[in-house]
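Asker: I am attaching a structure below and will ask some questions about it afterwards.
2 protein chains.
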Amino acid sequence: METDRERTRRPGGRSARVRAAVHQAVTDLVAERGYGNFTVGEVANRAGVADTSIYRRWGTLEALTMDVAITWLTATSPIPDTGSLEGDLRAYAANVARDVTGPDGPAVLRLVIALSTAGQDGMRARDAFLAERSSQLQTMLDRARARGEQPPDVLEVLDHILAPMYIRILFGAGPLTHDYVDTLVDRLLPLTGPAEG
Amino acid sequence: METDRERTRRPGGRSARVRAAVHQAVTDLVAERGYGNFTVGEVANRAGVADTSIYRRWGTLEALTMDVAITWLTATSPIPDTGSLEGDLRAYAANVARDVTGPDGPAVLRLVIALSTAGQDGMRARDAFLAERSSQLQTMLDRARARGEQPPDVLEVLDHILAPMYIRILFGAGPLTHDYVDTLVDRLLPLTGPAEG
């Protein structure tokens, strides 16, 4: 345990810890109750911070929730750069499989979907999550194109690599084995060879 | 409006109407508030029936919810029988696209996913939904195999036709156009030609 003096000396460290505690509280509450079934006060209580700290920093529960989802996404699925489209797709798919089956993955997925019924702010949060995921992917696919490869487009990766894994997790339809994930990539690859005509 | 005498004369008709009213109340409440945010009493109130009618008929809110999801599924996505695998897959995909974009589709999808966090009863309901969907598909694919065609397996249809459509609806990622749905089927078909070796 740290002393008050240490805390005073490291305001950045404390701020980061508060943020982490608040994020974890949101993730846990989403997993336990589902989005929409808890308040800012309950998040604050569980994270051990004051309500006002949350309102000052995030403004609304929707904005906080969006921050949680986007942070999880950027932190957990780094974009690989292996030098080939095939290598990148395999590494990316393996990363996503690991993350969505991890301790917070299903809760975050359900959170993003629950946001759709949370009015305008919720839809903005959901769209921001999707935009972030798309932007990550676009960077990887652009690099392949720059090397002279013919990558699929972002929506094809969404449809045939992310969507199957997301739905299997959400529906509880079996584990995402290494072979399964590789098969998803195999199905996408033949169509990314040299373009015809 | 019907008279009391008509009601008395058609007990089956009344029973069917109660069932439809209760189902619609559940679907509406799921769309408005999300699963977990309403009670049997609120369903009864909205459907204009007594709580006891619901408890007597369905037992629990989970059992009622499962009935709603399964009924929607069996009623809205009839299994085509066009005489060819390609025709069946195109018709099936078009049916699913129409249903999940219909007035109750997104709410039912979110319901099935929300059931995952509703404990053992909820998970049973979700699994029953998935089993029903799989069983529908298996019938269609078995017919293709009996004709000498090489159909994909059920999970491939789930992964590459249902999952992309479900995720696009859940994430609000664009409309399911006729061209889009046909492209999903096209991607699955080349792999269903004569088996090698």
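Taken in order, these protein sequences are the chains called A and B.
At position 58 of the first sequence (counting the first as 1) the number is 58 in full-length UniProt numbering, and the numbers step up by one without a gap.
At position 46 of the second sequence (counting the first as 1) the number is 46 in full-length UniProt numbering, and the numbers step up by one without a gap.
Don't be surprised by glycine CBs; every beta carbon is placed ideally from N, CA and C.
Given the structure is predicted, the values throughout are model-derived calculations rather than measurements.
The alpha helix (DSSP H) with B/Pro164 in it runs from where to where?
Answerer: As a working note, residue 164 of chain B is residue 164 in the second sequence. From DSSP, the alpha helix (DSSP H) with B/Pro164 extends over Ala163 to Leu170.
Asker: Using 8 Å for Cβ pairs, my map puts residue 198 of chain A next to A/Val181. What's the rounded Cβ distance?
Answerer: The structure shown does not extend to residue 198 of chain A, since chain A is modelled only from 1 through 197, so no value can be given for it.
Asker: Below 8 Å on the Cβ atoms is my contact criterion, and I expect A/Ala107 with A/Thr27 to pass it. Report the Cβ-Cβ distance as a whole number of Å.
Answerer: For this step, residue 107 of chain A is matched to residue 107 along the first sequence. For this step, residue 27 of chain A is matched to residue 27 along the first sequence. Yes, A/Ala107 and A/Thr27 are in contact; Cβ-Cβ is about 6 Å, under 8 Å.
Asker: Would you tell me roughly how many angstroms separate the C-alpha atoms of B/Ile113 and A/Leu141, rounded to the nearest one?
Answerer: Counting from one through the second sequence, the residue named residue 113 of chain B turns up at place 113. Counting from one through the first sequence, the residue named residue 141 of chain A turns up at place 141. About 31 Å.
Asker: What does the alpha-carbon distance come out to for the pair B/Ala163 and A/Leu155?
Answerer: Translated into positions along the second sequence, residue 163 of chain B becomes position 163. Translated into positions along the first sequence, residue 155 of chain A becomes position 155. Each residue's alpha carbon lies about 13 Å from the other.
Asker: If we ignore side chains and look at the alpha-carbon of each, how far apart do B/Gly59 and B/Leu73 end up?
Answerer: Working through the second sequence from its first residue, we reach residue 59 of chain B at position 59. Working through the second sequence from its first residue, we reach residue 73 of chain B at position 73. Distance between the alpha carbons of B/Gly59 and B/Leu73: 21 Å.
Asker: Tell me which same chain residues have a C-beta within less than 6 Å of the C-beta of B/Pro194, skipping the five on either side of it?
Answerer: As a first step, residue 194 of chain B must be located in the second sequence, where it is residue number 194. Since pLDDT at B/Pro194 reaches only 46, below the 50 mark, its modelled position is unreliable, and no value is offered.
Asker: I'd like the span of the alpha helix (DSSP H) that includes B/Thr71, first residue to last.
Answerer: Along the second sequence, one-based indexing puts residue 71 of chain B at 71. Run containing B/Thr71: Leu61 to Thr76, per the alpha helix (DSSP H) assignment.
Asker: For B/Ser15, which residues of its own chain have a beta-carbon under 7 Å away from its beta-carbon, when the five flanking residues on both sides are left out?
Answerer: Stepping through the second sequence from its first residue, residue 15 of chain B is reached at position 15. There are no such residues.
Asker: Quick one, are the C-beta atoms of B/Gly36 and A/Asn37 less than 8 Å apart?
Answerer: Here residue 36 of chain B refers to the residue found at position 36 of the second sequence. Here residue 37 of chain A refers to the residue found at position 37 of the first sequence. Yes, Cβ-Cβ distance for B/Gly36 and A/Asn37 is below 8 Å.
Asker: Spatial neighbours of A/Val43 within its chain, please: C-beta separation below 8 Å, excluding the five flanking residues on both sides.
Answerer: Within the first sequence, numbered from 1, the residue matching residue 43 of chain A stands at position 43. Excluding sequence neighbours, A/Val43 sits near Val22, Ala25, Val26, Leu29, Ile54, Leu61 and Leu64.
Asker: Who are the Cβ neighbours of B/Asp67 in its own chain at under 8 Å, not counting the five residues just before and after it?
Answerer: On the second sequence, position 67 is the one that residue 67 of chain B refers to. Contacts found: His23 and Trp58.
Asker: Work out the CA separation of A/Asp186 and B/Leu184 for me, nearest whole Å.
Answerer: Counting from one through the second sequence, the residue named residue 184 of chain B turns up at place 184. Counting from one through the first sequence, the residue named residue 186 of chain A turns up at place 186. Near 16 Å, if we compare the C-alpha coordinates of A/Asp186 and B/Leu184.
Asker: Suppose contacts are defined by Cβ-Cβ distances below 8 Å. Is A/Leu188 in contact with A/Leu89 by that definition?
Answerer: In the first sequence, residue 188 of chain A corresponds to position 188, counting from 1. In the first sequence, residue 89 of chain A corresponds to position 89, counting from 1. The answer is yes: Cβ separation under 8 Å.
Asker: Contact criterion: CB-CB distance below 8 Å. Does A/Ala128 meet it with respect to chain B?
Answerer: Numbered from 1 along the first sequence, position 128 holds the residue referred to as residue 128 of chain A. Chain B, which has no Cβ nearer than 8 Å to the Cβ of A/Ala128, makes this no.
Asker: So, does the CB of A/Gly172 fall closer than 8 Å to a CB anywhere in chain B?
Answerer: Numbered from its first residue, the first sequence carries residue 172 of chain A at position 172. Taking Cβ atoms only, chain B reaches closer than 8 Å to A/Gly172, which makes this a yes.
Asker: Considering just the uninterrupted stretch of the alpha helix (DSSP H) at B/Arg56, what are its terminal residues?
Answerer: Residue numbering aside, residue 56 of chain B sits at position 56 when the second sequence is read from its first letter. Asp51 to Trp58 is the span of the alpha helix (DSSP H), which, as asked, contains B/Arg56.
Asker: If you measure from the beta carbon of B/Gly34 to each beta carbon in chain A, is any gap under 8 Å?
Answerer: Taking the second sequence and counting its residues from 1, one reaches residue 34 of chain B at position 34. By this cut-off, B/Gly34 is an interface position.
Asker: Roughly how many angstroms separate the alpha carbons of A/Thr177 and B/Asp51, rounded to a whole number?
Answerer: Taking the first sequence and counting its residues from 1, the one referred to as residue 177 of chain A is at position 177. Taking the second sequence and counting its residues from 1, the one referred to as residue 51 of chain B is at position 51. Straight-line Cα distance between these residues: approximately 45 Å.
Asker: Roughly how many whole angstroms lie between the Cα atoms of B/Phe171 and A/Arg126?
Answerer: Stepping through the second sequence from its first residue, residue 171 of chain B is reached at position 171. Stepping through the first sequence from its first residue, residue 126 of chain A is reached at position 126. About 7 Å.
Asker: Using the three-state DSSP reduction, which class does B/Glu132 fall into: helix, strand or coil?
Answerer: Counted from its first residue, the second sequence places residue 132 of chain B at position 132. Helix at B/Glu132.
Asker: Taking Cβ positions only, does B/Ala92 come closer than 8 Å to chain A?
Answerer: As a first step, residue 92 of chain B is located in the second sequence; it is residue number 92 there, counting from the start. At residue 92 of chain B the sequence reads Tyr, which differs from the Ala that was named. Not closer than 8 Å to any Cβ of chain A, the Cβ of B/Tyr92 fails to qualify, so no.
Asker: Compare the Cα-Cα distances from A/Gly105 to each of A/Thr71, A/Gly48 and A/Ala128 and report the closest residue.
Answerer: Within the first sequence, numbered from 1, the residue matching residue 105 of chain A stands at position 105. It is A/Thr71 whose Cα lies nearest to the Cα of A/Gly105.
Asker: Check whether the Cβ atoms of A/Leu85 and A/Glu149 lie closer than 8 Å to each other.
Answerer: Here residue 85 of chain A refers to the residue found at position 85 of the first sequence. Here residue 149 of chain A refers to the residue found at position 149 of the first sequence. Result yes, Cβ atoms of A/Leu85 and A/Glu149 sit closer than 8 Å.
Asker: Check distances from the C-beta atoms of the segment 137-164 of chain A to those of chain B and list, in chain order, the residues that come in under 8 Å.
Answerer: Within the segment 137-164 of chain A, the qualifying residues are Leu155, Leu158, Asp159, His160, Leu162, Ala163 and Pro164.
Asker: Our contact map puts A/Leu109 next to A/Ile169 with C-beta atoms below 8 Å; I'd like the distance itself, whole angstroms only.
Answerer: By one-based count along the first sequence, residue 109 of chain A stands at place 109. By one-based count along the first sequence, residue 169 of chain A stands at place 169. The Cβ separation is near 6 Å, so the contact holds.
Asker: Could you tell me the distance, in whole angstroms, from the CA atom of A/Ala144 to the CA atom of B/Val100?
Answerer: Here residue 144 of chain A refers to the residue found at position 144 when the first sequence is read from its first residue. Here residue 100 of chain B refers to the residue found at position 100 when the second sequence is read from its first residue. Taking the straight line joining both Cα atoms gives about 35 Å.
Asker: Just the C-alpha distance for A/Ala94 and B/Arg46, rounded to the nearest angstrom, thanks.
Answerer: Residue mapping note: residue 94 of chain A aligns to position 94 of the first sequence, counting from 1. Residue mapping note: residue 46 of chain B aligns to position 46 of the second sequence, counting from 1. About 47 Å.
Asker: Can you give me the C-alpha to C-alpha distance between A/Leu137 and A/Leu130, rounded to a whole angstrom?
Answerer: Taking the first sequence and counting its residues from 1, the one referred to as residue 137 of chain A is at position 137. Taking the first sequence and counting its residues from 1, the one referred to as residue 130 of chain A is at position 130. Distance between the alpha carbons of A/Leu137 and A/Leu130 is about 11 Å.
Asker: If we define contact as Cβ-Cβ less than 8 Å, is B/Tyr55 a contact residue for chain A?
Answerer: For this step, residue 55 of chain B is matched to residue 55 along the second sequence. With 8 Å as the cut-off, B/Tyr55 does not count as an interface residue toward chain A.
Asker: Report the rounded CA-to-CA distance for B/Met165 versus A/Gly13, giving the unit in angstroms.
Answerer: The count along the second sequence starts at 1 and reaches residue 165 of chain B at position 165. The count along the first sequence starts at 1 and reaches residue 13 of chain A at position 13. The straight-line gap from Cα to Cα measures roughly 43 Å.
Asker: List the residues of chain B that A/Met123 touches, going by C-beta distances under 9 Å, in chain order.
Answerer: Locating residue 123 of chain A in the first sequence gives position 123, where the first residue counts as 1. Within 9 Å Cβ-Cβ: Gly172.
Asker: Using the rule of at least 16 other Cβ atoms within 10 Å of the residue's Cβ for burial, across every protein chain shown, is A/Pro103 buried or exposed?
Answerer: Reading the first sequence from its first residue, position 103 is the one you call residue 103 of chain A. Classification for A/Pro103: exposed.
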